[in-house]
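Q: Structure below; questions to follow.
Number of protein chains: 2
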Amino acid sequence: MPKPTFLNLPPDKRRRFVDAALNEFALHDYRAASVGRIVDAVGIAKGSVYQYFDGKLDLYRYLVDLAAETKFRHIDAARAGDAPDFFSQVRQAAFHGARFDFGEPRHASLLYHATYEPSTPETLEVSSRLRAASHAYLRGLVDAGIARGDLRPDLDRDMTVYVIYQQIVALRDFLTDRFGFSFQDAVHAGAGLPIREEELGAVLDELIAVLRHGLAPG
Amino acid sequence: MPKPTFLNLPPDKRRRFVDAALNEFALHDYRAASVGRIVDAVGIAKGSVYQYFDGKLDLYRYLVDLAAETKFRHIDAARAGDAPDFFSQVRQAAFHGARFDFGEPRHASLLYHATYEPSTPETLEVSSRLRAASHAYLRGLVDAGIARGDLRPDLDRDMTVYVIYQQIVALRDFLTDRFGFSFQDAVHAGAGLPIREEELGAVLDELIAVLRHGLAPG
DNA sequence: GGCGATTATGACCGAGCGGTCATGTGACTG
DNA sequence: CAGTCACATGACCGCTCGGTCATAATCGCC
């Protein structure tokens, strides 16, 4: 948890600090991220960081929570009421999730790193909470989907959640490959990534079709 | 590439060194892995490592190649001639791949880390080669599967490879959750992980069924 | 203006890292 | 026995890291 000093910061200074920290943790995983580089980028003294947070881990936790909350809120806000069935819902969530990722590459890369963070004792709790939140969200969709008859009733629900989750997370890698994007470059440039909504939609249509009907013909 | 000195090593000593190095890179990702801990575990001087390899990266490359080769050979060797269609082939490869992972948790964890290694300039080439090899293998299966009529002919082949690849890689996480395994503990204990082949088979049947027919009813 | 509380600072610390290299050791050769 | 060569060694180097703390600057209030 941030210390009171951090919360009392002038909004502009706080924003600049969060920006720089986001940048650092987007470019490097937890262990490789450097407090020194953050303070250099912001132009403050190293000691200040420890007036704001208990330490590097505390700062990391704050940023991951912030990014996750922001992204979830974005997805929720964009959710129209017109997604009646399971596959439309997944498509919609994936679509707006990907749009968020391309628009906010720093948040996206931070969350990406947090997802694949090697499970050290320090960072395990952060990664677990992040994964658990995504799984819980999908689990709700899957349960409702089965109840509604959108999904086969005999599905292994945990496995279904895993399958969907993996595909959504891997979407970043796939789009990166297909369109030649580089999140690293985008973070460095401080800019968003260009993505044509029709192209993203086409990819998602294909992916959802595979999830719905499988790979076999007929 | 290992230096000649390494290749001239007495087999027992070489084996002990490789074991310790495998352990270290299975427990930590590239950056966090420590040459000092390896030499402590083996009981040799730090300088010796630099008589064997050009540096940490060279050692890492050697280990990843070794583990990948070993695993691929294992999968290939276990491949019976009786997998006539695409889905049987994927099932068989995933089955023997998982068996290998559980039997050799150090190799498995090393490859897992290498797969998700944050793409620093140093390690990028190693991770890319590893991913490329898996993708090429699956791409061959997919192409043949489409030609044979096992798969819908209008599939996006790259995406199909991605979907399959992600599911196979994620299998480790799913099995870990479901059966309460810990690869970290197994590496520490230096032992393999127990897995009942019927349980693994059941999970794979379910997963392949989803890939084949999708999540929708009917 | 003055005073107590809050915040900013950066030199400093101990630890760990990858990597080096002068020196030592031992085994084989002629 | 002397000489050569491959190999082993660990003290040492330069660097970066997270984190600390005495001190200084700044702010808010009366």
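Chains A and B are the protein sequences, given in the same order.
When you line the first sequence up against our numbering, it's residues 368 to 585, in that order.
When you line the second sequence up against our numbering, it's residues 368 to 585, in that order.
Yeah, the Cβ is synthetic: ideal placement off N, Cα and C, and Gly gets one too.
1. Of the residues that make up the stretch 537–549 of chain B, which ones have a beta carbon closer than 8 Å to any beta carbon in chain A?
2. If you run the structure through DSSP and keep just helix, strand and coil, what is A/I562?
3. Would you say B/V530 faces chain A, with C-beta separation under 8 Å as the test?
4. Touch check for the stretch 557–570 of chain A and the stretch 500–512 of chain B: three-plus C-beta pairs under 8 Å?
5. Can you pull the chain B neighbours of A/H474, defined as C-beta to C-beta under 7 Å?
6. From this set, B/A400, B/F454, B/A408, B/L374, which residue's C-alpha is nearest B/T490's C-alpha?
7. Using a threshold of 8 Å, state whether the C-beta atoms of A/F550 and A/L542 are closer than that.
8. Does any C-beta atom of chain B lie closer than 8 Å to the C-beta of A/T437?
9. For A/D517, which residues in chain B fall below 9 Å Cβ to Cβ?
10. Determine, using beta carbons only, whether B/D510 comes closer than 8 Å to chain A.
11. Within 10 Å of its beta-carbon, does A/E471 have 16 or more other beta-carbons around it, so buried, or fewer, so exposed?
12. Helix, strand or coil for B/R519? Go by DSSP, reduced to three states.
13. Thinking C-beta only, is A/R382 closer than 8 Å to A/V409?
14. Can you confirm whether B/R496, when its beta carbon is compared against all beta carbons of chain A, has any partner nearer than 8 Å?
15. At what residues does the alpha helix (DSSP H) containing B/F384 begin and finish?
16. Does any C-beta atom of chain B lie closer than 8 Å to the C-beta of A/D468?
17. Are the beta-carbon atoms of A/L497 and A/L478 separated by less than 8 Å?
18. Using 8 Å as the Cβ pair cut-off and three pairs as the minimum, do the stretch 533–540 of chain B and the stretch 438–453 of chain B touch?
19. Between B/D396, B/K380, B/M526, B/A553, which lies nearest to B/V406 when the distance is taken from Cα to Cα?
20. What three-state label does DSSP hand A/M368 in the structure shown?
21. I'd like the list of long-range same chain contacts for A/D452, defined as Cβ closer than 6 Å, with 5 residues on each side in sequence excluded.
22. So, using beta-carbon positions, are A/A465 and A/I442 closer together than 8 Å?
23. Between A/Y504 and B/S455, what straight-line distance do the alpha-carbon atoms span, to the nearest angstrom?
24. Taking Cβ positions, are B/A434 and B/V554 nearer each other than 8 Å?
25. State buried or exposed for A/R428, treating a residue as buried only when at least 16 other CB atoms are found within 10 Å of its CB.
26. For the alpha helix (DSSP H) holding B/T437, just list the boundary residues, first then last.
27. With C-beta atoms as the reference, is A/L578 less than 8 Å away from B/G581?
28. In chain A, what lies closer than 7 Å to B/Y483 by C-beta?
A: Judging by the given coordinates:
1. For the stretch 537–549 of chain B, which is checked against every Cβ of chain A, the residues closer than 8 Å are A537, D540, F541, D544, R545.
2. Looking at A/I562 - three-state DSSP - the assignment turns out to be coil, as it is neither helix nor strand.
3. Taking 8 Å as the threshold, the shortest C-beta distance from B/V530 to chain A falls below it.
4. Not touching, per the Cβ criterion.
5. Within chain B, no residue has its beta carbon less than 7 Å from that of A/H474; the closest one is some 16 Å off.
6. Among B/A400, B/F454, B/A408, B/L374, the Cα nearest to that of B/T490 is on B/A400.
7. Against a cut-off of 8 Å, the Cβ pair of A/L542 and A/F550 comes out as no contact.
8. False, the Cβ-Cβ gap to chain B never drops below 8 Å.
9. Chain-order list of chain B residues neighbouring A/D517: L582, A583, P584, by C-beta distance under 9 Å.
10. Residue-level contact by beta carbon fails for B/D510 and chain A, as no gap is shorter than 8 Å.
11. Classification of A/E471: buried, given that the 10 Å Cβ count is 16 or more.
12. In this structure, B/R519 counts as coil in the three-state DSSP scheme.
13. No, the Cβ-Cβ distance between A/V409 and A/R382 is not below 8 Å.
14. Output row for B/R496: interface = no.
15. Start and end: 378–394.
16. At a cut-off of 8 Å between beta-carbon atoms, A/D468 makes no contact with chain B.
17. The answer is yes: Cβ separation under 8 Å.
18. Too few Cβ pairs lie closer than 8 Å, so no.
19. Nearest C-alpha to B/V406: B/K380.
20. Coil, per DSSP.
21. The beta carbon of A/D452 sits closer than 6 Å to the beta carbons of D517 from its chain, once the five residues preceding and following it are set aside; these are given in chain order.
22. Going by beta carbons, A/A465 and A/I442 fall outside the 8 Å limit.
23. One C-alpha to the other measures close to 32 Å.
24. 8 Å or more divides the Cβ of B/A434 from the Cβ of B/V554.
25. A/R428 sits buried, since 16 or more C-beta atoms from the chains shown fall within 10 Å of its C-beta.
26. Start and end: 423–445.
27. Result yes, Cβ atoms of A/L578 and B/G581 sit closer than 8 Å.
28. Residues of chain A whose Cβ lies closer than 7 Å to the Cβ of B/Y483 are, in chain order, Y483.
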